[in-house]
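Each residue of the sequence shown is one higher than the last, beginning at 4 in this note's numbering.
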Amino acid sequence: YEHDLNSTSSHTTLHWSYSLEESDLDKSFQLPLTTSIGGNESTLPLREIIHRLEVGRCWIKFETPGIMTFSDREKRTLLARLVCSTQFEDFLARKWSSEKRFGLEGCEVLIPALKMIINKSSEAGIESVIMGMPHRGRLNVLANVVRKDLDQIFCQFDPKLEAADEGSGDVKYHLGMYHERINRETDKNITLSLMANPSHLVAVDPVVQGKTKAEQFYRGDTEGRRVMSILMHGDAAFAGQGVVYETFHLSELPSYTTHGTIHVVVNNQIGFTTDSRMARSSPYSTDVARVVNAPIFHVNADDPEAVMYVCKVAAEWRNTFNKDVVIDLVCYRRFGHNEMDEPMFTQPLMYKQIRKQEHLLKKYADKLISEGVVTLQELEVCVSLYENLITVRYTSSKDEKILHIRHWLDSPWPDFFKPDGEPKSMSCPPTGLNEEVLRHIGEVASSIPLKDFAIHSGLSRILRGRADMVAKHTVDWALAEYMAFGSLLKDSIHVRLSGQDSPSPCLDHVLHDQEVDKRFCVPMNHLWPNQALYTVRNSSLSEYGVLGFELGFAMVSPNALVCWEAQFGNFHNTAQCIIDQFISAGQAKWVRHNGIVLLLPHGMEGMGPEHSSARPERFLQMSKDDPDRYQVSDCEVQQLYECNWIVISPFPFDLIKAKVEKYSNAELIWCQEEHKNMGYYDYVRPRFLIVHPKDPMYVDRDPAAAPATGNKFTHLAELKRFLDTAFNLEAFKGRSF
4 YEHDLNSTSS HTTLHWSYSL EESDLDKSFQ LPLTTSIGGN ESTLPLREII HRLEVGRCWI
64 KFETPGIMTF SDREKRTLLA RLVCSTQFED FLARKWSSEK RFGLEGCEVL IPALKMIINK
124 SSEAGIESVI MGMPHRGRLN VLANVVRKDL DQIFCQFDPK LEAADEGSGD VKYHLGMYHE
184 RINRETDKNI TLSLMANPSH LVAVDPVVQG KTKAEQFYRG DTEGRRVMSI LMHGDAAFAG
244 QGVVYETFHL SELPSYTTHG TIHVVVNNQI GFTTDSRMAR SSPYSTDVAR VVNAPIFHVN
304 ADDPEAVMYV CKVAAEWRNT FNKDVVIDLV CYRRFGHNEM DEPMFTQPLM YKQIRKQEHL
364 LKKYADKLIS EGVVTLQELE VCVSLYENLI TVRYTSSKDE KILHIRHWLD SPWPDFFKPD
424 GEPKSMSCPP TGLNEEVLRH IGEVASSIPL KDFAIHSGLS RILRGRADMV AKHTVDWALA
484 EYMAFGSLLK DSIHVRLSGQ DSPSPCLDHV LHDQEVDKRF CVPMNHLWPN QALYTVRNSS
544 LSEYGVLGFE LGFAMVSPNA LVCWEAQFGN FHNTAQCIID QFISAGQAKW VRHNGIVLLL
604 PHGMEGMGPE HSSARPERFL QMSKDDPDRY QVSDCEVQQL YECNWIVISP FPFDLIKAKV
664 EKYSNAELIW CQEEHKNMGY YDYVRPRFLI VHPKDPMYVD RDPAAAPATG NKFTHLAELK
724 RFLDTAFNLE AFKGRSF
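Below, the structure is given as structure tokens:
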């Protein structure tokens, strides 16, 4: 049977391969156990089967009569959770009416929705849930789902409290949290992690997926039965931000799949001041999820029992099939984009209707009172209890004298840092290797560990050449990389290399059998019996999403080398959001540690504007060392605490000063291949002027808009002029900093 469920046409095709004819339409057929379209019937006529499939257009579980029924206990629990969600926002609005908090009013059902998803997932065996979300409702989720201490949340509203930690900190509605607790519904341990996120609404999505994958990897959770992710989105960002699409396309790739994510869209039907008719071309904001055939459940957020059932089904779907699923909470935003905005300026008719909407808590409470499930007195007691709780915590928050950013850490490294944030050890063990270990790694790197494995003749020549280098005690770049990675694997340190063409034949990290499809060999995984795993994978053709994923993976453990390799150095510019918001500023904003390594090929070799420069000037601009002050800080401590661009920063003031004093009569020349307005010039210039008495001379390419020329003749002419100038002191007359 073939029919397009998205079509309004009644056209139906019967497959003659099953010998079905028009006369068979009235014959009854046995229904499989996997469908519920029959209700209490085990057989139905073919005509009726087709009719029910045509009108259903949704997952068959919803068609069972009476299936969305809840016990009185479940209804009271739902009401209590709505009380917490609503009263929390009301309290913040009363105490800090002029503060931005990006409240959840209009979608208060999100809190019981998340708790239902987590509880059902815990029942299925999930032990850890990693969550990502934008700013709207974040404080409420922290308080009522993750169970962040309320007094620490209220402290964030006090403008008089000074931060105890170094760094910038961040606004309260960007912060995250990590918490392990007992799930009351299942009496099982569960760990909840809400990731910190910048104002870039869905930038955190791939970061969450990477962290989820890492936790699954270190727990040996190969099917996602113990660790899962939940991603929350706004409707405008879900439809408008390309990284959502990039993240979806990682969902079923080897070494990237997290075995199913539950997406919850808080569909306010507006993005800041932009109507949905101006924000997307698709009918639904969730249509992007159709690229992976994820089930999408559209549900009225003012029908809390329907929301609970959808969340229950979504959790079952994810934990049964290990596939992505989307819940579209069709709701509204009761106030403006933030509490200072007046939405009537731009959406007057919409907000006239919204102001007529009865609050969900009152609506549902009235329903349960009319059903006799609760009494008005019981409701008032519930409201009073929560009000008293938050009032007590508000009072105790006034005793706080200082803010601690590390209390909001979303990915702690307990084996690396003490609770006060100090390192457990600053000692560095010797990293040298004896010749026997190096020779063994070299020999494996020169061999084919698997039997009857046919490799390309070109790679055979490379392997023979490598074996010759090992015998002669010489190395090239590729062999040196092999030895470095192999030595880490020997010490049980996981190495992960990801990017477009990372397992490239030029590095022969992955050998492909020339005779058998999909048969490959990773020699580095055949070094020692008890070594750590070496993961090397091609990624999708994405920089933003994949770098975010690898950043999340590197966040989980300090005892791993996680590398993202760009095809060419400046391809990182399509991942600039991850670099700016997470890598460079992550520790300053969120006290978050990370060991991600970016491998960015760089060289002015005549390859054109896009294939030459890794834009080192941009990374240097993000380093925090003061260009106007001679720094004598402990380099080891700085390397540990700062997200620094380790190859080029911090500036070696002491080493240069020593050389300048040793050769006091020498002429100093700064040479760089890059154009003068790029590369290292602007970073080096003020720092040089601190450590020597006179201006150095310089040679480089002239300022330009593009990083390099695409014309071979021009490139060679520039190179000749550069070299001629660099080795001719007469050419430097009149050229100085």
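From the three backbone atoms N, C-alpha and C, an ideal C-beta is built for every residue, glycine too.
Per the Cβ contact rule, the region 250–261 is in contact with the region 212–227 (3 or more Cβ pairs under 8 Å).
Judged by DSSP secondary structure, Asn186 falls within the beta strand (DSSP E) whose first and last residues are Met180 to Asn186. Within the region 498–573, the runs of alpha helix (DSSP H) at least 4 residues long that lie entirely inside it are, in chain order, 547–557. Listed in chain order, the non-local C-beta contacts of Asn122 below 7 Å within the same chain comprise Asn186, Glu188 and Thr189, local neighbours out to five positions each way being set aside. The straight-line gap separating the alpha-carbon atoms of Phe241 and Phe300 is approximately 15 Å. Counting along the chain, no beta strand (DSSP E) covers Pro699, and no H or E run does either. Note that the C-beta distance between Asn147 and Phe91 is below 8 Å.
Counted as a single uninterrupted DSSP element, the alpha helix (DSSP H) harbouring Gly468 occupies residues Ser460 to Ala474. Exposed is the label assigned to Trp480, since fewer than 16 other Cβ atoms lie within 10 Å of its Cβ. Lys592: member of the alpha helix (DSSP H) spanning Gly589 to Trp593, first to last residue.
Around the beta carbon of Arg690, 16 or more other beta carbons lie within 10 angstroms, which makes this residue buried.
Shown here for Cys314: same chain residues with a beta carbon closer than 6 Å to its own, the five before and five after excluded, namely Ala116, Met119 and Ile120 in chain order. Put simply, the region 581–591 does not touch the region 428–446. Fewer than three CB pairs are less than 8 Å apart. The three-state reading of DSSP puts Gln360 in coil, since its state is none of H, G, I, E or B. Cβ-Cβ distances below 6 Å link Gly170 to Ala591 in the same chain, with the five nearest sequence neighbours on each side left out; the list follows chain order.
For Ser279, the enclosing alpha helix (DSSP H) has its first and last residue at Ser279 to Ala282. In this chain, the alpha helix (DSSP H) harbouring Met486 covers Trp480 to Lys493. Separation of the CB atoms of Thr289 and Asp331 is rounded to 5 Å, and the pair is thereby assigned contact status at 8 Å. For Pro48, the uninterrupted beta strand (DSSP E) run begins and ends at Thr46 to Pro48, by DSSP. Asp520 and Glu51 have their C-alpha atoms roughly 46 Å apart.
Annotation: the region 304–380 contains the following complete segments of the beta strand (DSSP E) (minimum length 3 residues), in chain order: 328–333. Looking at the DSSP output, Ile273 sits in a beta bridge with Asp278. If you draw a straight line from the Cα of Val376 to the Cα of Val384, it comes to about 15 Å.
Boundaries cannot be given for Gln159, as no beta strand (DSSP E) includes it and DSSP labels it neither H nor E.
When DSSP reads this structure, Ser124 sits in no beta bridge, so it has no partner. Judged by DSSP in its simplified three-state form, Thr728 adopts helix. Looking at the DSSP output, Thr194 sits in a beta bridge with Ser131 and Glu183.
In this structure, the CA atom of Lys679 is about 35 Å from the CA atom of Trp593.
Excluding its 5 nearest sequence neighbours in each direction, Ala448 has C-beta neighbours in its own chain below 7 Å: Arg469, Leu482, Tyr485 and Pro526, listed in chain order. Two segments are said to touch when three or more pairs of C-beta atoms, one from each, lie closer than 8 Å; by this definition the region 490–501 touches the region 531–545. For Ile444, there is no enclosing beta strand (DSSP E); the enclosing alpha helix (DSSP H) has its first and last residue at Glu438 to Ala448. Leu164 is not a Cβ neighbour of Trp411, given a cutoff of 8 Å. The residues Pro137, Gly237, Ala240 and Gln244, in chain order, have a CB closer than 7 Å to that of Leu204 in the same chain once the five nearest residues on each side in sequence are set aside. Boundaries of the beta strand (DSSP E) around Leu601: Val600 to Leu602. Nearest to Glu218 by alpha-carbon distance, out of Ser202, Thr260, Val246 and Asn200, is Thr260.
For Leu34, there is no enclosing alpha helix (DSSP H), as DSSP gives it neither H nor E.
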